[in-house]
Amino acid sequence: MNRLNLSEKKDSMSAALSGGQKRKLSLAIALIGGSETVILDEPTSGMDPEARRNMWDYLQEQKGKRTILLTTHFMEEADVLGDRIAIMADGKLQCCGSPMYLKKQYGTGVTLSMLKQQNQSWNLVKSIINQRMPSAILKSESGNELAVCLPQEQRRNYPALLNALETNRHDLGILNFSITSTTMEEVFLKVGEGAHNLEDKEEPNQETMGKTYGTMQAKPKSTDSVESLNSSRSVFRNEGVKLFVQRLRAVVTKKFIYLSRKWSLLFSQVLLPAVCCLTALLIDDSTNNNASSPRPLPLNLGTYEPTNVFMRHETDSYCDLAALEYEQFVGSAQSKPSLTQVPNAALMQDFLLERGVEDLTRYRTEDVMAADFLKSNYTWKDVCVAQAMFQTVPLHSYGVTLNVMNNVLARTILENRDLVIDVTNHPLPKSSLEQVIENFPSDNSTNPTLFPNIDSDMTYALTWCLGMFLVACSFVVFPIEERSCGSKQLQLMTGMKPATYWLGHAVGDTAITISAMLIAVILFASINASGVFLAHGGSATVALAILIVLYGLAAMPFAYFHSFWFDSPGTGFAIHIMDNLLFGSISTVVVALLETAATDDLVLAAKIMKWICRFLPPFPFSHGVFSVIERAYQNNRCSFLSDDLKNTVCMLGLDQLPKSVQACCSSCGVGNMAPCFEPKSFFTLEEPGIGIDLLMLVVSCVLFYVIVFLLETGIHKKIAASFYKSGDASNHANQRQLDVDVQNENQRVSQLLQSGAWQQEALLVSGLRKVFKELVAVDGLSLGVQIGECFGLLGVNGAGKTTTFRMLTGDEVKTEGVAKLMGRDLDNEKYLFLKMTGYCPQFDGLVDVMTGQEMLFMYARLRGFPENAIPDHVDELISVLGLQKYWSKRCGNYSGGNKRKLSTAMAMAAEPAVLFLDEPTSGVDPVSRRRIWKALTAAINKGQSIVLTSHSMEECEALCNRLGIMVNGKFRCIGPVQHLKQKFCQGYSIQIKLNPKFHLEGEFQQLRQYIERTIESSTVTDMHEGLLQYYISNPATTWELIFSTMESAKDTWPRFVEDYAVGETTLEQIFLAFARDQKPDFSRYNTKSCWNCCAGKKPVPTEPEDYQSSFRTSSFRN
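FYI, in full-length UniProt numbering the residues of the sequence shown are 1 to 1118.
Below, the structure written as structure tokens:
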């Protein structure tokens, strides 16, 4: 952990790590334990340049110790680390060899790259190159950049050419230049079909400068170029009701696509509920059909368990023999009863009574029988008297005791220990009157909570309700998936209100509910257990159908509420099903048992528990099912009597026949006969009616929707954030003094806000601050992004970039600050603010089961793009970003690079005013990276603004008009790239690639001494395995001197010095210098937090430093 700079995070949860820190942890896991073979798939993806170089050092150290197979999209990484490099295209190996071999095989020589001022022509530069080196080949020309390939065979003419360009540098308008040999990126671009067949890739002009001078033009853009996107910028957007309908269509379409392709959910939504319903019906039907036939009962020692048996015998030959047989018979029983010998001196009655006094419960339930063998008092004959005793509480103990004694006597008398007498109790069939009265409450029953059909009630409340709970709990899976992957936030960032988002889910879930209801109705009608579901016009089935629909409607917000608290769909589903079982079926059974207890305290407890649980949808549904089944059997009780049974029973006298039975007779209502039976409605408020349960389902539906919308407002986050708002000015006073450019930007933003001229800027941020408990993640950030500007937000992992993005995209509640986008305030006009943004997050927020085309259609609709223009617009995005081969495939199966391209396309869909792009090209190959750059450049040209974070400095230089570098949550510098170079590091840089295999002792020091002696102002700024970097601080140093020095070094040490690159100071070098200041800084801790109060004193921050001097002295070190 020390080696990978993870010591500070050793006690942190892995989920709380930044993207780069997660990559470090993944690398450590791969290397731990001394693995001899290690496979690393883009190990440094998402890391900042400083961390990436540290990883390179560590992996270089592992060479010779392990075999490492590495994949990467960083060509410099492959060049530095790879002993051999293989390049694949379209699933096939295209080439393989050492870096030097591949560069020689596919290289184009030395490339001279130049950057010019705006409004300057390249004609004079081309003329000088043509005069000095006619065979030079134009490599590329776009905008302000020119790249020329210089022939290897004329290397001796390079100094003269460079001298001519440098002498006339200001007249030519040259801002920057670099000289590089063939890079691995160029090799990559030339290898495979992807490098040769891409229509938008500009191929090198193979004609010489002399032949093309004066007529040299950029290659015409192909039909799928980003220029084709310009036309859609003027397309109007839908508003009002039309926009609402379009957005609802988008989210409903997404929901049904998910349901149609997520076959695993059908198991819980269709199959299991149907099985549970069928099981409940079959159990109920079989139980009621067999209820009139009591089962036979064997009378043996296994009837009651555990059983305690007691024996006492007086000394006598016959008594001893009988006692021995008794002991053996009891001991051979399968139930293994406990046999206790009672002392002869004690009386059996006294012994048993003493046990009763000690433990009455044990005495009444476990002490089942006893035997006392006594000598006879008859003098004329030697006789042993056997006395059997039985417990009166167990109903069948008399029969069991008598059977045991008969077995003992038979074995004793017949002297046959194999003899066994089996006794079985077969109850007599119930009389007609008994069968009727058993199913009818007595006339004097005053307990309204007694449920005569409780067995059937519980069967459905436990078994069938479980199936319906599985349906309801499936509603939580998709929202959790969308929230955890970030897709939900991306959809809300289109300006769609949460009500529309949840309405789309509700439409799909309602369809599932109705399907479950229809399946249940079909099963109820088909099996019709005991005939209760089709009786009286199927009123019971109708009541259950209404109960299912209302439960489904109430279960939706209940599931949506659960989706806020879990990141794993599996965990959310499991916890949700437990909640439904606990507050549904189990609570219903407990309430029913308490109500049947007939004691005031328990009945009161049942009422309290019932009303508490009724506010949660599972209970009114389960309790409603319980009540419907109970009332269905009560309403159908007269149909249980056959005509013959009615004729037999109804002829009995009135004094023998309960009134409840009289009501079913044909003579009901005549004379003294009870009134005829009328079935009761299922929807009464009086139980077992379900009126209250239906009402509470409606109440719980409304209640949980209110809770869901409160959570969507982020009120819980705002309350939590309010505890960490800084009221302590000292925390701000301890901040380091800001750079002048940062202060000027702060003042400019402040003046725009005060003057009300914020609409002049596309994005305006002032004093943005975020505190996580004790940590100040973002500290007083202020910036303005102009319309049509690309602003780069740079910083190492943990500097606060992603947190800034999350606040500006509404995903995180800011602690302090103001943010306005096109004049819309984030706090007061959140949805209008978000409507004009497009966001490409650091981690792709994709719905895995949808195709790339479906995703783009959805986002175009969510942003109100006209329906008739969407197909062409989506086709253009797919073509521009190179997704033609994958548009019809599910995006869950995309490679990492294609997912990033799709995420960028989603952000660009419908062309929002401001794009927030968080590392859009991370993990993307060089060809695709350039596609994305072209698309973003076109967006900027159309007037869209971009805020970009990236760990590719080349990307920032290619795209950004201005950039700011964040360190410890604050801007350390801000301004145009060229301005930052001139301010912080004028001069040149030399990057030398060394081959450690051919490193002879002393050569490294000789090389350093030669360079530092020849170029006096050169200083080593970075030194890694196989890489040496120099900074030349004197801007007066000539290009000719630098180039001739490096050519001489390469000739002197040809095997050791593999390659070199010369250029002016790069943005990456400035970034690395600032990045080294990212460290634990206790001024970032909030002084109001309890952690800060209790942790003790912290080191006092040092006095403000001069950034520029710090940059020049401390950052460039050996």
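For each residue, glycine too, the CB sits at the ideal point set by N, CA and C.
Asked                                                                                                                                                                              : Found
Please classify residue 565: is it buried, with 16 or more other beta-carbons within 10 angstroms of its beta-carbon, or exposed?                                                  : exposed
For residue 325, does the three-state DSSP call read helix, strand or coil?                                                                                                        : helix
In chain order, what are the residue ranges of uninterrupted alpha helix (DSSP H) at least 4 long that sit wholly in the segment 834-921?                                          : 852-862, 870-880, 896-908
Thinking just about the alpha-carbon of each residue, which of 114, 413, 979, 132 is nearest to the one in residue 322?                                                            : 413
In angstroms, rounded to a whole number, what distance separates the CA positions of residue 593 and residue 392?                                                                  : 27 angstroms
Assuming contact is defined by CB atoms lying nearer than 9 angstroms, are residue 922 and residue 45 in contact in what I supplied?                                               : yes
Measure the Cβ-Cβ separation of residue 58 and residue 187 and say whether it is below 9 angstroms.                                                                                : no
Answer with buried or exposed for residue 480, where buried requires no fewer than 16 other C-beta atoms within 10 angstroms of its C-beta.                                        : buried
Would you give the residue range spanned by the beta strand (DSSP E) that residue 369 belongs to?                                                                                  : 367-375
I want to know whether the segment 511-525 touches the segment 881-895 - three or more CB-CB distances under 8 angstroms.                                                          : no
Measure the alpha-carbon distance for residue 708 versus residue 561 and round it to whole angstroms.                                                                              : 6 angstroms
Helix or strand or just coil, what does DSSP make of residue 1022?                                                                                                                 : strand
For residue 39, name the three-state secondary structure that DSSP assigns.                                                                                                        : strand
With a threshold of 6 angstroms on Cβ separation, who are the neighbours of residue 252 within its own chain once the five nearest residues in sequence on each side are excluded? : 504, 507
Would residue 584 pass as a contact of residue 621 if the rule is Cβ separation under 9 angstroms?                                                                                 : yes
I'd like to know if residue 1034 contacts chain E, where contact means its C-beta is closer than 9 angstroms to some C-beta of that chain.                                         : Judged by its chain identifiers, the structure shown contains no chain E, having just a single protein chain.
Measuring CA to CA, which of 1069, 489, 871, 1058 is closest to residue 102?                                                                                                       : 1058
In chain order, what residues of the same chain have a beta carbon less than 7 angstroms from the beta carbon of residue 455, not counting five sequence neighbours either side?   : 287
In or out: residue 623 buried (at least 16 other Cβ within 10 Å) or exposed?                                                                                                       : buried
Excluding five sequence neighbours on each side, which residues of the same chain lie with their C-beta closer than 7 angstroms to the C-beta of residue 262?                      : 849
Going by alpha carbons, who is nearest to residue 909 out of 935, 928, 924?                                                                                                        : 935
Helix, strand or coil for residue 133? Go by DSSP, reduced to three states.                                                                                                        : coil
Can you say whether residue 15 is buried or exposed, counting buried as having 16 or more other CB atoms within 10 angstroms of its CB?                                            : exposed
May I ask you to report which of helix, strand or coil DSSP gives residue 816?                                                                                                     : strand
Name the residue from 113, 1063, 1054, 993 whose alpha carbon lies nearest to the alpha carbon of residue 78.                                                                      : 993
Below 8 angstroms, how does it come out for the segment 999-1014 and the segment 960-968: are there three or more Cβ pairs, yes or no?                                             : no
Going by DSSP, name the residue or residues bridged to residue 795.                                                                                                                : 966
Closer than 6 angstroms by C-beta to residue 684: which residues in its own chain qualify, once you throw out the five before and the five after it? Chain order, please.          : 691
Taking residue 312 as part of the beta strand (DSSP E), name the residues at either end of that continuous run.                                                                    : 308-313
What distance in whole Å lies between the Cβ atoms of residue 794 and residue 949, which are believed to be in contact at a cut-off of 8 angstroms?                                : 7 angstroms
Mind checking which residues open and close the alpha helix (DSSP H) that includes residue 504?                                                                                    : 498-527
Could you tell me which of 318, 245, 477 sits nearest to residue 1148, measuring between CA atoms?                                                                                 : One cannot answer for residue 1148 here, as it falls past the ends of the chain, which runs 1 to 1118.
Using only CA atoms, which one of 240, 491, 484 lies nearest to residue 856?                                                                                                       : 491
Closer than 8 angstroms by C-beta to residue 531: which residues in its own chain qualify, once you throw out the five before and the five after it? Chain order, please.          : 636, 639
Look at the alpha carbon of residue 661 and the alpha carbon of residue 535, and state the distance between them as a whole number of angstroms.                                   : 19 angstroms
Is DSSP giving residue 773 helix, strand or coil here?                                                                                                                             : coil
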